[in-house]
Amino acid sequence: MQRRCGVLLPISALPSPYGIGTLGRAAYEFADQLKAAGQSCWQLLPVGPTSYGDSPYQSFSTYAGNPYFIDLDMLCEEGLLERREVESVDWGGRPDRVDYAAVYAHRFDLLAKAAERGWERDCRAVESFVEENRRWLPDYALFMAVKRHFGMSAWTEWEEEDIRLHRSEAVERYRRLLWEDVRLFTYAQFLFFRQWNRLRDYVHGLGLQVIGDLPIYVAMDSADVWAEPEWFQLDEHNRPTAVAGVPPDYFSAEGQLWGNPLYDWDAMKQDGFGWWIRRMEGAARLFDVVRIDHFRGLESYWAVPADAVTAKEGRWVKGPGMDLVGVLTGWFPQLKIIAEDLGFLTPEVHRLLQDSGLPGMKVLEFAFDSREPSNYLPHTYVPHCVCYVGTHDNAPVMAWREEAEADDVAYAKEYLGLNEEEGFVWGILRGGLGSVAELFVAQMQDYLELGAESRMNTPGVLGGNWQWRLLPGQFTDGLARKMARYARMYGRGPIEPGQEK
9 MQRRCGVLLP ISALPSPYGI GTLGRAAYEF ADQLKAAGQS CWQLLPVGPT
59 SYGDSPYQSF STYAGNPYFI DLDMLCEEGL LERREVESVD WGGRPDRVDY
109 AAVYAHRFDL LAKAAERGWE RDCRAVESFV EENRRWLPDY ALFMAVKRHF
159 GMSAWTEWEE EDIRLHRSEA VERYRRLLWE DVRLFTYAQF LFFRQWNRLR
209 DYVHGLGLQV IGDLPIYVAM DSADVWAEPE WFQLDEHNRP TAVAGVPPDY
259 FSAEGQLWGN PLYDWDAMKQ DGFGWWIRRM EGAARLFDVV RIDHFRGLES
309 YWAVPADAVT AKEGRWVKGP GMDLVGVLTG WFPQLKIIAE DLGFLTPEVH
359 RLLQDSGLPG MKVLEFAFDS REPSNYLPHT YVPHCVCYVG THDNAPVMAW
409 REEAEADDVA YAKEYLGLNE EEGFVWGILR GGLGSVAELF VAQMQDYLEL
459 GAESRMNTPG VLGGNWQWRL LPGQFTDGLA RKMARYARMY GRGPIEPGQE
509 K
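Residue numbers (the working numbering): 9 to 509.
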């Protein structure tokens with residue numbers, strides 16, 4: 009990677025009058041502002057369809073796009089929806105928060121109208137799209153249709169054993185029975201990827217790259233596990249024998265019990281890691297750079313008994329290591345990959361990162377523990393790394409300042425030479441921008457100097473997460489010019505003719 013900088017803002021957080029951010033006009037305007045701000049990258053959270061809890065890290069499919077992100081204005085312009093149909097819906101009263109309940113209640117009714125009107129018109133394009141995605145799309149569309157049929161219950165609770173176990177006769181029977189919903193979820197993916205590809209082409213035209221996030225695990229309640237249970241640690245009834253999590257750490261004294269099924273790494277290795285190759289190929293269709301979440305879990309992972317109450321009952325188990333990483337980097341030599349190497353790091357994890365040749369992560373909010381030395385302090389960096397102020401799991405800087413120990417805040421001020429004229433947040437940003445890290449990324453909330461109300465996620469806490477949104481006009485031209493000036497000052501932004509240094 010060359011020396012550059014970017015901004016983390018999920019699609020859901022874009023401004024929109026329809027309850028949640030979309031791939032529409034606001035996305036294009038945000039890309040324009042990033043260009044004006046001297047940025048090179050737009051980092052997103054996972055873009056898959058979200059399930060209970062609204063977390064983008066618990067998706068119904070590792071391949072599918074989130075139907076909530078389909079822009080309704082664009083569908084009106086294409087004649088698939090009528091303006092009155094879109095504007096008659098109550099999408100919630102707060103433009104600064106995603107109203108998932110309103111979106112869930114109304115989005116698919118509108119998409120069903122669009123599918124009814126567009127299916128025949130777009131039949132050839134849809135047929136081509138289905139053929140290109142035949143490895144995952146038919147199973148995903150049927151999975152969602154059957155979920156609807158059983159009241160959106162998890163597939164492990166479906167009433168009929170034959171379809172729950174994905175038996176071929178039941179699959180074909182339900183495909184015929186639920187053909188209308190199968191068509192809806194197929195067409196929704198067609199619309200998502202058509203809008204996504206247009207936006208990505210536009211972003212590329214501005215000279216920007218898209219960084220995406222690949223969760224290390226898939227959700228138990230997903231088409232991935234339902235359709236291909238042979239790649240997971242499941243019993244004869246396709247129920248997990250152990251689940252994923254992390255031990256007690258900075259975020260939680262009880263650890264985090266994620267509940268995702270664990271991979272059967274032996275079976276995957278015997279198959280040449282084909283499942284992972286297909287998964288990475290899907291990510292490469294979406295993103296220019298892929299951040300592998302919880303990379304340390306590839307060296308060894310925390311396995312928790314399926315009936316455990318907390319993650320404290322787990323144990324470390326050896327992962328695939330370079331056997332998998334080498335396959336992925338070999339298959340995708342042009343795809344840039346970032347290793348999210350946070351958490352409990354052992355010499356073996358450090359060795360895996362070194363052997364992989366991938367850049368790891370440095371988080372400034374972890375750097376200023378005044379009680380002990382930290383390898384997150386900028387003077388300890390090597391160039392081949394990515395510096396973040398904080399991730400989606402961290403508090404924005406203004407909130408961190410209020411929550412951190414007074415000695416830690418004082419240490420940050422002293423270390424970075426912070427002053428009142430520049431301001432605390434911009435001093436922190438300067439510390440990352442001025443580091444030797446090849447890539448520097450900050451949340452949009454930090455450039456806006458927002459506080460705890462804008463936090464995207466608090467790990468281990470249910471409810472209230474993934475809701476913050478950017479308001480229209482909040483990313484001003486003046487802010488973009490200031491960001492560009494800082495980017496150029498530290499060699500991370502292009503110097504255009506006529507621009508002052």
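No residue lacks a Cβ here, since even glycine has one placed at the ideal position from N, Cα and C.
- Closest by C-alpha distance to Leu17, out of Trp50, Val417, Leu31, is Trp50.
- In its chain, beyond the 5 residues on either side, Ser48, Cys49, Leu447, Arg500 have a beta carbon closer than 7 Å to the beta carbon of Arg12.
- In this structure, the CA atom of Trp273 is about 11 Å from the CA atom of Tyr309.
- For Met369, the uninterrupted beta strand (DSSP E) segment begins and ends at 368-371.
- Around the Cβ of Cys393, a 10 Å sphere holds 16 or more other Cβ atoms; the residue is buried.
- Put simply, the segment 328-339 touches the segment 356-363. At least three CB pairs are less than 8 Å apart.
- C-alpha of Phe295 to C-alpha of Ala72: approximately 13 Å in a straight line.
- Counting along the chain, the unbroken alpha helix (DSSP H) around Lys43 starts and ends at 33-44.
- Glu169 counts as exposed, since fewer than 16 other beta carbons sit within 10 angstroms of its beta carbon.
- Under the three-state reduction of DSSP output, Asp107 falls in the coil class, being neither helix nor strand.
- Taking Tyr36 as the centre and dropping the five residues before and after it, the same chain places the C-beta of Leu207, Tyr210 closer than 8 Å to its C-beta, in chain order.
- When the Cα atoms are used, Ala412 and Gly215 turn out to be separated by approximately 38 Å.
- Of all C-beta pairs linking the segment 461-471 to the segment 433-450, fewer than three are shorter than 8 Å, placing the two stretches out of contact.
- Between the segment 237-244 and the segment 181-198 there are fewer than three C-beta pairs closer than 8 Å, too few to call the two in contact.
- DSSP, read as helix, strand or coil, puts Ser20 in helix.
- In the three-state scheme derived from DSSP, where H, G and I count as helix and E and B as strand, Ile285 is classed as helix.
- Setting aside the 5 residues that flank it on each side, Lys121 is surrounded in the same chain by Leu88, Leu89, Glu93, each with a C-beta closer than 8 Å to its C-beta; the list follows chain order.
- DSSP, read as helix, strand or coil, puts Thr399 in coil.
- In this structure, DSSP gives Pro269 an extended state, which the three-state scheme calls strand.
- Scanning its chain for C-beta atoms nearer than 7 Å, with the 5 sequence neighbours on each side dropped, one finds around Ala34 the residues Leu22, Pro23, Ser24, in chain order.
- Listed as beta-bridge partners of Val449 by DSSP are Gly14, Tyr396.
- Within the same chain, Val15, Trp50, Leu216 come within 7 Å of Leu42 by CB-CB distance, once the 5 residues on both sides are set aside.
- Judged by DSSP in its simplified three-state form, Arg293 adopts helix.
- Here DSSP, grouped into helix, strand and coil, assigns Ala162 to coil.
- Per DSSP, the unbroken beta strand (DSSP E) holding Ser308 starts and ends at 308-313.
- Using a Cβ-Cβ distance cut-off of 8 Å, the segment 412-421 and the segment 372-383 are in contact, since at least three pairs of beta carbons, one from each stretch, lie closer than that value.
- The beta carbon of Ala488 sits closer than 7 Å to those of Gln41, Ala44, Ala45, all from its chain and outside the five residues before and after it, given in chain order.
- Around His114, the same chain offers Val97 as residues with beta carbons nearer than 7 Å, after the five sequence neighbours per side are excluded.
- Assigned with DSSP and collapsed to three states, Ala347 falls in strand.
- Each of Thr30, Ala250, Pro313, Pro269 was checked against the Cα of Asp232, and the nearest Cα belongs to Pro269.
- Contact between Tyr389 and Leu441 does not hold, since the beta-carbon distance rounds to 12 Å and is not under 8 Å.
- In the DSSP assignment, Cys49 forms a beta bridge with Gly14, Gln217.
- Comparing C-alpha distances from Asn74 to each of Trp408, Glu321, Ser20 shows the shortest one belongs to Ser20.
- Exposed is the label assigned to Lys277, since fewer than 16 other Cβ atoms lie within 10 Å of its Cβ.
- In this structure, DSSP gives Pro386 a helical state, which the three-state scheme calls helix.
- Taking C-beta atoms under 8 Å as the contact rule, Trp474 and Asp79 fail to qualify, at a distance of about 19 Å.
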